[in-house]
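2 protein chains.
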Amino acid sequence: MPSKPLAGRLPEPPSPIADDGDETRFCGTCAFSSACIAAGYDKPELAELQCLVEHVGPFRAGEHIFRTGDPFRAIFAVRAGTVKTRMVDKEGREQVLGFYLPGEVIGLNAIYPEHFPCDAVALDTAYFCRFSFPAMSALASRIPAVQQHLFRMLSKELGTASLLAGDHSADERVAAFLMDLAGRYAVRGFSATRFHLSMSRGDIANYLRLAAETVSRVLSRFRSQQLIEIEGRELELLNPKKLREIGQALLPE
Amino acid sequence: MPSKPLAGRLPEPPSPIADDGDETRFCGTCAFSSACIAAGYDKPELAELQCLVEHVGPFRAGEHIFRTGDPFRAIFAVRAGTVKTRMVDKEGREQVLGFYLPGEVIGLNAIYPEHFPCDAVALDTAYFCRFSFPAMSALASRIPAVQQHLFRMLSKELGTASLLAGDHSADERVAAFLMDLAGRYAVRGFSATRFHLSMSRGDIANYLRLAAETVSRVLSRFRSQQLIEIEGRELELLNPKKLREIGQALLPE
DNA sequence: AGGATGCCTTGATCCGGGTCAATTCGCACG
DNA sequence: CGTGCGAATTGACCCGGATCAAGGCATCCT
């Protein structure tokens, strides 16, 4: 069954929203929060972090945050909403690289080429913190915790990228995908067993290198096996243990 | 036909060897050379770079440079020889993550987890420069070029990792693999049309998420189509243009 | 309201590449 | 100098998931 309306698709983001923060208290759920805490909220460097960050948005579903080929000047932390990144080859085939939830960071893969190698597209109404990268790396030079944080984020993304590459069955991929999302929501303090899928079946399938029909079939089977409850894009994990087991080959630890 | 002997498998590495360098002139083909040059060879910082680097090796074919779970203390630049990195899941299935040629760097994916998430195994006799990572990041704080170089390497590896993930035919994968190797040899100043494959068909297949038999078949077909000449592990690219065309979806640019 | 559109689901069919198997070759080793 | 073992090649067969097709059900437009 198709999705039910959420809230009439209004300005306010339907998915979990990260703490907005104010001048002195920086977004609590942001990917940089740990770096900030390590640096110490009272340190003068924090003032600089405030300087190099800029709140942008809202972007509506389908709008681009950046496009392939745009010169790389900044990275973006998702403040609210969901984003997919994708490459489009010259035959027009789309390739979804990843989905990003509140608190996560996009644009890191543009450092090397110095131009964005992919598009970033909002899946629902989304807000961001924009970090000037030159300013950021200058700051990283002076605050080891910031530098380390950047290294860690890059290295982490490297780890997840290589997991997807393995040859795994459709069941493994879908189960791992659901558990991965659940874990990421949990880290940010949201429910790990009930959440909304902001992306279409087609996007999920593309990301997992499957056909949309296959994703649909697997989800239907998982439902009939009492592993999940799903109605449109509203999802509940009924048996996370079993799901983790199925997807274990694709999951960390 | 299987491989022909190269040089009797003796201490000296059979594959291209990077410039060994001495106290003041650091390995010319090393991945860090550009950072060094940017910093200036005469700068006192270079002395520190000399301090934090340590030449290790030789490792013989099959020996581990590091193992899954080892605490992360250093990254390694390949000085000579070839390395594969791989993960082994708990069912014992191997997953090849990448091959590394002289001048390239392994271990970056360990920064985040702080333990190596994979094994690194020498494919032939191999030598390395070992860079203490704490020292390296301390240096990165003081020399922007070093920091930027680390960022770039991480970001670059991120880009290549996501290419493999796409769903592509066996022909595309194999062609792209060969052209990628050719390009990487060319960058380091080696022949881009004739080179030795240090890895087995099985490793290639595993890396490309194919069966060894499929790789073998594709190579045979490429040979019958006059695209390559191959005997055992000695390879010559007869029609790089066509190969690039076949593999374009997986290749940069 | 009526029609168009996009997303999702489900069924039927097909094919690329995996799996199994046999053979050959080269090399290490007793 | 066999002998055994691993890597590579080639053939025969099969299966998971892609593709094609049809139908349902929302939302959006006019």
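Quick mapping for you: the protein sequence lines, in order, are chains W and E.
In my numbering, each residue carries its 1-based index in the first sequence increased by 13.
In my numbering, each residue carries its 1-based index in the second sequence increased by 13.
Note that CB positions come from ideal geometry on N, CA and C, so glycine has one too.
Here the structure is a predicted model, which means the values were calculated and not measured.
What are the start and end residues of the beta strand (DSSP E) that includes residue i?
i	result
E249(W)	E247 to L250
I78(E)	H77 to F79
R73(W)	No beta strand (DSSP E) contains R73(W), which DSSP labels as neither H nor E.
E242(W)	I241 to E244
L110(W)	E107 to Y113
D83(E)	No beta strand (DSSP E) holds D83(E); DSSP gives it neither H nor E.
A123(W)	Premise fails: A123(W) is in no beta strand (DSSP E) and is neither H nor E.
A133(E)	D132 to A135
At the level of alpha carbons, what is the spacing between residue i and residue j?
i	j	result
G196(E)	L114(W)	36 Å
C131(W)	R201(W)	26 Å
E258(E)	G116(E)	27 Å
V118(E)	G111(E)	11 Å
G82(W)	S175(W)	24 Å
L263(E)	L191(E)	11 Å
N219(W)	L221(E)	19 Å
F203(E)	A74(W)	48 Å
I156(E)	G245(W)	52 Å
A224(W)	V231(W)	11 Å
T227(E)	D180(E)	16 Å
K103(E)	F89(W)	36 Å
R6(E)	K254(E)	It is not possible to answer for residue 6(E), since the shown part of chain E is limited to 14 through 266.
V134(W)	L136(E)	42 Å
Q161(E)	F144(E)	16 Å
V101(W)	F129(W)	12 Å
G6(W)	P147(E)	In the structure as shown, chain W begins at 14 and stops at 266. Residue 6(W) is therefore absent and cannot be evaluated.
G260(E)	A189(E)	4 Å
P15(E)	R86(E)	Since pLDDT at P15(E) reaches only 37, below the 50 mark, its modelled position is unreliable, and no value is offered.
E266(E)	A178(W)	21 Å
I243(W)	R236(W)	7 Å
R214(W)	G70(W)	26 Å
F72(E)	E107(W)	42 Å
I241(E)	L194(W)	44 Å
G94(E)	F79(E)	16 Å
R99(E)	T173(W)	14 Å
P84(W)	P84(E)	37 Å
L256(W)	L256(E)	41 Å
Taking DSSP's pairing of strands, which residues face residue i in a bridge?
i	result
D102(E)	DSSP output for D102(E) lists no bridge partner at all.
R207(E)	E249(E)
I88(W)	F144(W)
E266(W)	According to DSSP, which records beta bridges pairwise, E266(W) is partnered with nothing at all.
E67(E)	R143(E)
K255(W)	None, per the DSSP bridge assignment.
Should residue i be labelled buried (16 or more other beta-carbon atoms within 10 Å of its own) or exposed?
i	result
K97(E)	buried
E170(W)	buried
R92(W)	buried
Q239(W)	exposed
H77(W)	exposed
D4(W)	Outside the shown range of chain W, which is 14 to 266, sits residue 4(W), and nothing can be said about it.
A199(E)	exposed
S211(E)	buried
V109(E)	buried
G120(E)	buried
V159(E)	buried
T37(E)	In this prediction, T37(E) scores a pLDDT of 41, lower than 50, which makes its location untrustworthy; the coordinate-derived value is nonetheless stated afterwards. By the neighbour-count rule (16 or more Cβ atoms within 10 Å), T37(E) is not buried but exposed.
F39(E)	Low confidence applies here, because F39(E) scores a pLDDT of 47, under 50, leaving its location unreliable; read the following figure in that light. Looking at its Cβ environment, which holds 16 or more other Cβ atoms inside 10 Å, F39(E) is buried.
The alpha helix (DSSP H) spanning residue i covers which residue range?
i	result
F190(W)	A183 to V200
Q161(W)	P157 to L177
G215(E)	R214 to L221
E226(W)	A225 to S237
Beta carbon of residue i: closer than 6 Å to some heavy atom of the ligand COA?
i	result
V159(E)	Among the ligands in the structure shown, none appear at all, so the ligand COA cannot be discussed.
Worksheet entry | the segment 132-140 of chain E contacting the segment 183-190 of chain W, beta-carbon criterion three pairs below 8 Å | Not touching, per the Cβ criterion.
Practice prompt. Would you be able to state if there are at least three C-beta pairs under 8 Å between the segment 193-211 of chain E and the segment 244-262 of chain E?
Written response: Yes, since at least three Cβ pairs between the segment 244-262 of chain E and the segment 193-211 of chain E fall closer than 8 Å, the two stretches touch.
Worksheet entry | Given 8 Å, three or more beta-carbon pairs between the segment 142-160 of chain W and the segment 63-73 of chain W | Taking a contact to require three or more Cβ pairs closer than 8 Å, the segment 142-160 of chain W and the segment 63-73 of chain W qualify as touching.
Discussion item. Counting beta carbon pairs with one atom in the segment 160-170 of chain E and one in the segment 115-127 of chain W, are three or more of them shorter than 8 Å?
Written reply: Yes, the segment 115-127 of chain W touches the segment 160-170 of chain E.
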